[in-house]
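So for the sequence shown, the working numbering puts the first residue at 956; every next one is plus one.
Each remark here refers to the structure printed beneath this line.
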Amino acid sequence: MAAPPPPPPLHPAIIIDDDDDDFDWEAAVQEIDRRCALASSSAASESAPPPEPSAAAGTRQLTLDRFVDSFTRRRQMAAMERGPPVPASPPAAAPILPSGARGPPVPGSPPAAAPVPPSGGWGRPSDRAGEGCSRRADEDVVPKPCGVALDHEAARTWIYPTNVQVREYQKKFVEKALFTNTLVALPTGLGKTFIAAVVMYNYFRWFPEGKIVFTAPTRPLVTQQIEACHNTVGIPQEWTIDLKGNLSPSKRSCFWKSKRVFFVTPQVLQNDIQSGICMVNQLVCLVIDEAHRASRNYAYCVVVRELEAARVPLRILALTATPGSKQPAIQNVINNLRISELVHCDESDPEVSRYIQRRTVEPLEIPVGDEAEQVNDKLLDVIRPHLVKLRSARVIDHRDASNWSPHQLRMLKDKFDQAPPPNIPLADKKEIGISFQALTLLYGIMKMLLSYGIKAAHQSIEAKYKEGYCLHSTNTSITMFHLHVIIVHN
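Quick look at the structure:
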């Protein structure tokens, strides 16, 4: 049986002057109640189970928030003049919006429950057409209405694949991620890729003109997700594109217009949003892999801030195997990605333990070899002059040269850039910045050398040359040249 017809669309712009004392607020509320009652009775006349609040109802709820608040204040003032109010039945509980934010109930909204359809999905239509990114309660961010139309018939159900083994924890996480901005934390191998594919497929169904983006920091992760979307849930290949950064802006612009499912690295997505190539007004779902990287000004954070500034209403799903060991780090990721729900399991949870292959881990220590040790000694000789310069400026401590890491030096450089000592001349500040840059690069190569050997370190240097990294300063170029000669001679 066909779904009940959706309520008539709202006027694109409703302007209410709540400071106009001549405005008939009571009449306005009665008219709204009458229209909602008509819509409710129309839906009840169908023999099919009543649907959840429609997309238009969700939009109406957000549009009327300020109206209801203003009217409530005026009615309370009038009631004080008339005398004690007449007791009324308890108000309905405020529904939970898909973003996790609570709002006032919508008069005449049909019940939220619906039976499980034969497809295996649960009959819960999306009411997110006017909803935006998850946000903290103290933020007053009003999202724009969704830029693409919702397929009301498709949105009555969501699809869960049965061509693979059904795991209850995956199904539970999928349902949560469909209707709430969610951070999914699962160990490697427990199906984060599958969860993302199912969520992407349902948004592909619900919004026939909407665009879905999957972003990951490495090409192998992007390729893995492409295979899952094509082979597991069957998103048509003609609608998908692996959007690489080496494509010209004009080609990427054409793909943003013609395709619907995009697989990109976060840097490419950031660049396309900031340049205006990405059609942000049509984005409905953003999936972020390796979400634990979302700190400070990493591309993930920039992308979410850009979308929030544009008031783009979309669903965000974040995935990680390592959310962090400390609460502040995890909270930082949640805040940066506008997450409302954190769902997680580890290998000891009964829900997932039966799917884990038991294994024995035996650590093996492999010496790097005499040649690598010799290269490392010469590398330290290149490093020490930079350390001496930074120590003399009192911006680093006096630990041994072999005990630094690239991350520690980046943190110290950021601290120096934000609050440099006032007694350091401007010219010296520039030299200190160059030394920080050189040391971060050199210690990164040292890590590569000691972890993977001379060949990997040499390839890393060659890659830096091709990227033009060493052209930023003469001193860094000389350092890289010396290092290149050292490794080649070995």
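Note that CB positions come from ideal geometry on N, CA and C, so glycine has one too.
Practice item. Counting only runs of 4+ residues fully inside the segment 1186 to 1235, write out the alpha helix (DSSP H) ranges in chain order. Key: Within the segment 1186 to 1235, the complete alpha helix (DSSP H) runs of at least 4 residues are 1204 to 1213, 1221 to 1230.
Point to revise | Distance, Ser1280 Cα to Pro1060 Cα | key: Looking up residue 1060 in the sequence shown gives position 105. Looking up residue 1280 in the sequence shown gives position 325. Because the pLDDT at Pro1060 is just 28, under 50, the model does not fix this residue reliably, and the value given afterwards should be weighed accordingly. Cα to Cα, the separation comes out at about 39 angstroms.
**Study point:** Neighbourhood of Pro1191 by C-beta, 6 angstroms cutoff - its chain only, sequence neighbours within 5 removed
**Key:** As a first step, residue 1191 must be located in the sequence shown, where it is residue number 236. Short of 6 angstroms from the beta carbon of Pro1191, and not among the five residues preceding or following it, lies no beta carbon of its own chain.
Point to revise | Top-ranked residue by Cα proximity to Thr1117, from Gln1125, Arg1111, Tyr1398 | key: Translated into positions along the sequence shown, residue 1117 becomes position 162. Distance check between Thr1117 and each of Gln1125, Arg1111, Tyr1398 places Gln1125 closest, using alpha-carbon atoms only.
Check your understanding: What did DSSP end up calling Ile1243 once you bin it into helix, strand or coil?
Key -> Locating residue 1243 in the sequence shown gives position 288, counting from the first residue. Of the three classes helix, strand and coil, the one that applies to Ile1243 here is strand, per DSSP.
**Study point:** beta strand (DSSP E) segments (min. 3 residues) lying fully within the segment 1267 to 1308
**Key:** Runs of beta strand (DSSP E) with 3 or more residues, each lying fully within the segment 1267 to 1308, are found at 1270 to 1275, 1296 to 1299, listed in chain order.
Review point. Tell me which same chain residues have a C-beta within less than 7 angstroms of the C-beta of Gln1466, skipping the five on either side of it?
Key: Nothing in the structure corresponds to residue 1466, since the chain is present only between 956 and 1445.
Review point. Using DSSP with H/G/I as helix, E/B as strand and the rest coil, what is Val1168?
Key: For the purposes of this step, residue 1168 is taken as residue 213 along the sequence shown, with counting starting at 1. In the structure shown, the three-state DSSP call for Val1168 is strand.
Exercise for review: Assess, as a yes-or-no matter, whether the segment 1393 to 1401 is touched by the segment 1354 to 1363 under the definition of 3 or more beta carbon pairs within less than 8 angstroms.
Suggested key: Enough Cβ pairs lie closer than 8 angstroms, so yes.
**Study point:** Span of the beta strand (DSSP E) around Val1119
**Key:** Counting from 1 along the sequence shown, the entry for residue 1119 is found at position 164. Looking at the DSSP string, Val1119 is not in any beta strand (DSSP E), and its letter there is neither H nor E.
Review point. Within this structure, are the beta carbons of Val1267 and Leu1224 separated by less than 8 angstroms?
Key: Within the sequence shown, residue 1267 is the residue found at index 312, counting from 1. Within the sequence shown, residue 1224 is the residue found at index 269, counting from 1. Taking a C-beta distance under 8 angstroms as the contact criterion, Val1267 and Leu1224 do not qualify as a contact pair.
Review point. Taking DSSP as the reference, what is the three-state secondary structure of Trp1077?
Key: Taking the first residue of the sequence shown as 1, we reach residue 1077 at position 122. Any reading at Trp1077 needs caution, since the residue's pLDDT is 32, under 50, leaving its predicted position unreliable; the model's value is listed next. Trp1077 sits in coil when the DSSP states are folded into three classes, being neither helix nor strand.
Check your understanding: Do you know offhand how far Lys1384's Cα is from Pro1375's?
Key -> In the sequence shown, residue 1384 corresponds to position 429, counting from 1. In the sequence shown, residue 1375 corresponds to position 420, counting from 1. Cα atoms of Lys1384 and Pro1375: separation of roughly 8 angstroms, rounded to the nearest angstrom.
Review point. Are at least three pairs of beta-carbons, each pair with one atom in the segment 1155 to 1164 and one in the segment 1196 to 1209, less than 8 angstroms apart?
Key: At 8 angstroms Cβ cutoff, the stretches do not touch.
Point to revise | Supposed contact pair Val1219 and Leu1198 - C-beta distance, whole angstroms, cut 8 angstroms | key: Position 243 of the sequence shown holds residue 1198. Position 264 of the sequence shown holds residue 1219. Correct: roughly 5 angstroms between the Cβ atoms.
Check your understanding: The beta strand (DSSP E) with Leu1138 in it runs from where to where?
Key -> Here the question's residue 1138 lines up with position 183 in the sequence shown. Taken as a continuous stretch (DSSP letters only), the beta strand (DSSP E) holding Leu1138 covers 1137 to 1140.
Exercise for review: Have a look at Pro1318 and Ile1338 and give me their C-alpha separation to the nearest angstrom.
Suggested key: On the sequence shown, residue 1318 is found 363 positions in, with the first residue counted as 1. On the sequence shown, residue 1338 is found 383 positions in, with the first residue counted as 1. So the two alpha carbons sit approximately 31 angstroms from each other.
**Study point:** Closest Cα partner of Ser1151 within the set Lys1127, Glu1164, Asn1291
**Key:** Within the sequence shown, residue 1151 is the residue found at index 196, counting from 1. For clarity, residue 1151 is Ala in the given sequence; the question names Ser instead. Of the listed residues, the one whose Cα sits closest to Ala1151 is Lys1127.
Review point. With 16 as the cutoff for other CB atoms within 10 Å, does Lys1212 come out buried or exposed?
Key: For the purposes of this step, residue 1212 is taken as the residue at position 257 of the sequence shown. It counts as exposed.
Review point. Assuming Pro1172 and Pro1221 make a contact with CB atoms under 8 angstroms, what is their CB distance in whole Å?
Key: Numbered from its first residue, the sequence shown carries residue 1172 at position 217. Numbered from its first residue, the sequence shown carries residue 1221 at position 266. About 6 angstroms separates the beta carbon of Pro1172 from that of Pro1221, a gap short enough to meet the 8 angstroms contact definition.
Point to revise | Three-pair Cβ contact test at 8 angstroms for the segment 1276 to 1295 versus the segment 1245 to 1260 | key: The segment 1276 to 1295, when compared against the segment 1245 to 1260, does touch it at the 8 angstroms Cβ threshold.
Check your understanding: So, helix, strand or coil for Leu1145, using DSSP?
Key -> By one-based count along the sequence shown, residue 1145 stands at place 190. In the structure shown, Leu1145 adopts coil according to DSSP, grouped into three states.
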